[in-house]
Amino acid sequence: MKLFGKKDPNQSPQNAPQLVSAQAKAVAQGTVSVRDIIAPPAIEVDFDFIKIGETYFKTLFVIGYPRYVGANWLSPLINFNHTLEISMFHYPVDAQAVLQDMKRKIGEMEATISTDIQRGKVIDPSLEVTLDDARNFQQDLAKGAEKFFQFGLYVTIPAESKEELVNITKQVESLLGSILVISKHATLQQEDGFKTTLPYGHDKLLVTRNMDTTSLATTFPFTSSSLTSNEGIMYGINRHNGSLIIFDRFSLENANTVVFAKSGGGKSYMTKLEALRYLMFGTEVIIIDPEEEYKNLCTAIGGEYISFDFNSETKINPFDLSGVYEEGENELNLKILSLHGLFRVIMGQLSATEDAILDRALVLAYKNKGITADPQTQTLQPPLMEDLYKALIGMEEPQAKTLAERIEKFVKGSLVGIFDQYSNLDIHNTFTVFSIKNLEAELRPIAMYIILDFIWTRVKRDLKKRILIVDEAWYMMQYPDSATFMYSIAKRARKYYLGLTTITQDVEDFLGTEYGKAIVTNSSIQILLKQSAAAIDKLAEVFYLSDGEKHLLLAANVGEGLFFAGSSHVAMLVVGSPEEHQLVTSNPKEVLEMQNTATAQNQDANTSNVPLSSASQEII
Numbered sequence: 003m004k005l006f007g008k009k010d011p012n013q014s015p016q017n018a019p020q021l022v023s024a025q026a027k028a029v030a031q032g033t034v035s036v037r038d039i040i041a042p043p044a045i046e047v048d049f050d051f052i053k054i055g056e057t058y059f060k061t062l063f064v065i066g067y068p069r070y071v072g073a074n075w076l077s078p079l080i081n082f083n084h085t086l087e088i089s090m091f092h093y094p095v096d097a098q099a100v101l102q103d104m105k106r107k108i109g110e111m112e113a114t115i116s117t118d119i120q121r122g123k124v125i126d127p128s129l130e131v132t133l134d135d136a137r138n139f140q141q142d143l144a145k146g147a148e149k150f151f152q153f154g155l156y157v158t159i160p161a162e163s164k165e166e167l168v169n170i171t172k173q174v175e176s177l178l179g180s181i182l183v184i185s186k187h188a189t190l191q192q193e194d195g196f197k198t199t200l201p202y203g204h205d206k207l208l209v210t211r212n213m214d215t216t217s218l219a220t221t222f223p224f225t226s227s228s229l230t231s232n233e234g235i236m237y238g239i240n241r242h243n244g245s246l247i248i249f250d251r252f253s254l255e256n257a258n259t260v261v262f263a264k265s266g267g268g269k270s271y272m273t274k275l276e277a278l279r280y281l282m283f284g285t286e287v288i289i290i291d292p293e294e295e296y297k298n299l300c301t302a303i304g305g306e307y308i309s310f311d312f313n314s315e316t317k318i319n320p321f322d323l324s325g326v327y328e329e330g331e332n333e334l335n336l337k338i339l340s341l342h343g344l345f346r347v348i349m350g351q352l353s354a355t356e357d358a359i360l361d362r363a364l365v366l367a368y369k370n371k372g373i374t375a376d377p378q379t380q381t382l383q384p385p386l387m388e389d390l391y392k393a394l395i396g397m398e399e400p401q402a403k404t405l406a407e408r409i410e411k412f413v414k415g416s417l418v419g420i421f422d423q424y425s426n427l428d429i430h431n432t433f434t435v436f437s438i439k440n441l442e443a444e445l446r447p448i449a450m451y452i453i454l455d456f457i458w459t460r461v462k463r464d465l466k467k468r469i470l471i472v473d474e475a476w477y478m479m480q481y482p483d484s485a486t487f488m489y490s491i492a493k494r495a496r497k498y499y500l501g502l503t504t505i506t507q508d509v510e511d512f513l514g515t516e517y518g519k520a521i522v523t524n525s526s527i528q529i530l531l532k533q534s535a536a537a538i539d540k541l542a543e544v545f546y547l548s549d550g551e552k553h554l555l556l557a558a559n560v561g562e563g564l565f566f567a568g569s570s571h572v573a574m575l576v577v578g579s580p581e582e583h584q585l586v587t588s589n590p591k592e593v594l595e596m597q598n599t600a601t602a603q604n605q606d607a608n609t610s611n612v613p614l615s616s617a618s619q620e621i622i
């Protein structure tokens with residue numbers, strides 16, 4: 003049996019391998035190796051820098067650190083606006099040896115303090131602080147709560163010239179000084195310093211500082227949260243690390259979202275992007291639009307835009323029943339409770355007597371139509387507001403007449419025809435927008451209540467993945483009953499595969515009520531964009547914002563803010579593609595430019611279709 007690589011002494015000359023000729027050896031020796039290819043043309047080592055090729059390098063080592071450090075305290079250095087090579091070395095130290103050394107040093111400090119006391123000297127405050135820190139660390143080390151390390155930090159600065167190297171070095175030293183870090187030049191050790199910052203893990207300088215586990219953990223530059231998953235839509239870009247914020251709101255305990263931003267902060271832009279992107283995944287989107295901001299988007303994608311006003315042919319009957327029977331629930335009683343809230347919004351505050359009379363009148367209005375608590379009867383035609391008016395008029399109590407007078411304007415007066423007709427629409431389109439822009443301000447809360455109730459009725463009938471967007475939700479927070487209704491939807495939305503999005507610029511009105519805070523609590527996603535100084539303190543109280551986060555929201559540009567999802571939150575920049583931007587932008591200047599461009603194109607198209615004149619035809 004022969005071993006590979008061993009010469010067989012019995013091998014015959016005929017079978018022996020041919021010797022390599024001297025000429026072939028010479029050729030092989032002259033061949034350029036990989037090392038020759040990647041090596042620089044020259045290396046110059048000076049006492050305070052090295053030059054490799056045409057690039058200059060200088061290495062700094064850190065000898066002093068701040069007393070207290072927080073998470074990401076090295077961020078200014080890591081995010082410095084110039085290429086830097088940063089190396090960190092961590093050396094574990096045996097705990098027993100450290101404990102023995104700590105015991106000796108604590109004893110020395112105690113003896114020093116005791117001697118000073120006996121001699122009547124003033125105790126050095128820094129010595130007392132150091133002793134206290136040493137005792138605390140000794141306890142943590144003995145318990146195993148902390149471990150002991152030696153930490154080395156080195157920075158190599160590249161530059162194209164000596165002048166640039168000097169300038170960048172001064173900037174880096176100034177930056178390090180601003181975070182209370184003391185650095186030194188690796189004088190006469192620049193070659194070793196350069197090798198130390200190369201990515202092969204050899205510390206040739208060995209300039210270290212003692213650190214415990216907690217302090218050492220703060221040196222790691224991985225402090226930016228990431229909200230990137232394999233499912234969902236893109237909400238924006240993480241401002242800390244440039245990663246994409248991809249998230250599925252339906253993956254959390256509920257799919258509700260709240261959006262807060264000052265006027266012009268980009269809340270509608272972000273919401274329209276979200277709606278458009280979810281639409282592409284088959285999610286039905288329903289929007290209540292008080293300011294006609296979603297009309298262009300709705301028209302462009304073939305959605306259904308419903309204008310809710312006096313002249314509109316679209317009608318919604320607030321007395322409609324869902325026709326859905328659920329075990330343990332009385333659909334008629336739930337509807338009557340909802341109508342109680344609506345009429346308190348319409349009529350204002352009611353006394354206990356008036357509330358009881360209204361309740362009897364509502365039951366009577368349904369009874370006159372043959373509708374009772376029996377689910378079999380709840381498919382019959384529901385009553386109208388006129389039927390409630392007649393029921394109140396027919397009662398003997400004087401309070402009933404007063405209640406009838408409060409709703410008379412909706413039945414016979416100036417507001418007739420808007421809230422007292424049978425419903426003549428249904429939601430079939432995957433993108434539906436209800437506009438209430440043409441209604442007076444005092445009617446908007448009523449209209450939003452009725453539309454929300456209508457949508458909720460349809461949602462209960464057909465289980466489907468939906469998003470309901472309520473823009474300018476502060477209208478609903480003006481009245482306790484409408485606020486209660488909003489909260490009830492937010493609380494029950496998950497049961498029907500619905501994600502409620504509430505948007506507002508009036509933070510005080512929304513968060514000034516307990517129901518507003520409850521809606522925030524029942525929303526797994528919270529988005530805070532650019533804020534005003536008047537609202538930031540209220541938001542900071544509700545969302546437990548740090549001073550840095552408050553400053554971020556105050557100084558943010560349009561479309562910048564914070565994205566909260568469950569227990570994680572990141573700084574976000576909302577971005578859209580050029581095609582998406584054209585569909586969702588609300589910037590008046592851009593909208594006007596697009597309208598003018600479209601008008602000009604239509605005029606050109608019409609001109610091209612005009613037949614030539616007889617004179618022109620003759621010339622041709």
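For what it's worth, the working numbering labels the leading residue of the sequence shown as 3, then goes sequentially.
Yeah, the Cβ is synthetic: ideal placement off N, Cα and C, and Gly gets one too.
To the nearest angstrom, how far is it from the Cα of residue i to the Cα of residue j?
i: T199; j: A161; result: 15 Å
i: R460; j: F545; result: 33 Å
i: K297; j: S265; result: 19 Å
i: I119; j: D126; result: 11 Å
i: A535; j: A567; result: 24 Å
i: A263; j: K439; result: 20 Å
i: Q603; j: E295; result: 24 Å
i: I588; j: P580; result: A small fix is needed here, since residue 588 is Ser in this sequence, not Ile. Using only the alpha carbons, I get a separation of about 14 Å.
i: D361; j: G244; result: 57 Å
i: V577; j: L547; result: 24 Å
i: K466; j: N81; result: 46 Å
i: D135; j: N83; result: 36 Å
i: Q401; j: D464; result: 40 Å
i: M236; j: F283; result: 12 Å
i: M478; j: E407; result: 24 Å
i: E398; j: T355; result: 13 Å
Which same chain residues end up closer than 8 Å to residue i when comparing Cβ atoms and leaving out the 5 residues on each side of it in sequence?
i: V413; result: M387, E388, Y391, D422
i: I303; result: L278, L281, F433, L585
i: N335; result: A375
i: W476; result: T506, Q507, D508, D511, F512
i: T2; result: One cannot answer for residue 2 here, as it falls past the ends of the chain, which runs 3 to 622.
i: K9; result: Note that K9 scores 43 on pLDDT, short of 50, meaning its location in the model is unreliable; the coordinates nonetheless yield the value given after this. Nothing meets the Cβ criterion.
i: L341; result: P320, F321, L364
i: Q627; result: Limits of the chain in this structure are 3 at one end and 622 at the other, which puts residue 627 out of reach.
So, for residue i: in the same chain, excluding its five sequence neighbours on each side, which residues have a beta-carbon less than 6 Å away from its beta-carbon?
i: I452; result: I318, P320
i: L417; result: K411
i: I420; result: F312
i: K274; result: L299, V586
i: V260; result: T504, V522, S525, Q528
i: E87; result: T158, T199
i: E46; result: K53
So, at 7 Å on beta carbons, what are the nonlocal neighbours of residue i in its own chain, with the 5 sequence-adjacent residues on each side left out?
i: D250; result: S231, E233, G234
i: T210; result: Y93, Q152, F153, G154
i: L382; result: K371, G372, I373
i: G66; result: V183, I184
i: S684; result: Because the chain here runs from 3 to 622, residue 684 falls outside it and cannot be looked at.
i: K540; result: V509, E510, L513
Below 8 Å on the Cβ atoms is my contact criterion, and I expect residue i with residue j to pass it. Report the Cβ-Cβ distance as a whole number of Å.
i: D428; j: I290; result: Not really, about 17 Å apart at Cβ, beyond 8 Å.
i: A393; j: L352; result: In fact, because the Cβ distance is near 16 Å, the residues do not count as touching under 8 Å.
i: I181; j: I288; result: About 51 Å separates the two Cβ atoms, so there is no contact after all.
Is it the case that the Cβ atoms of residue i and residue j are separated by a distance below 8 Å?
i: G343; j: S484; result: yes
i: L530; j: L555; result: yes
i: I338; j: L405; result: no
i: L62; j: H187; result: yes
i: L500; j: L470; result: yes
i: A492; j: N258; result: yes
i: N256; j: R496; result: yes
i: M111; j: Q140; result: no
i: L178; j: L79; result: yes
i: F91; j: D205; result: yes
i: L575; j: E592; result: no
i: S217; j: Y307; result: no
Which runs of the beta strand (DSSP E) at least 3 residues long sit entirely within the region 209-286? Give them in chain order.
Given a length threshold of 3 residues, each whole run of the beta strand (DSSP E) inside the region 209-286 is given here in chain order: 211-214, 235-240, 246-249, 259-262.
Runs of alpha helix (DSSP H) lying entirely within the region 120-190, each at least 4 residues, in chain order:
Positions of the alpha helix (DSSP H) runs, each at least 4 residues long and wholly inside the region 120-190, are given as 127-145, 164-180 in order along the chain.
Completely contained beta strand (DSSP E) runs for the region 67-114, where each covers 3 or more residues
Entirely contained in the region 67-114, the beta strand (DSSP E) runs reaching 3 residues are, in chain order, 87-95.
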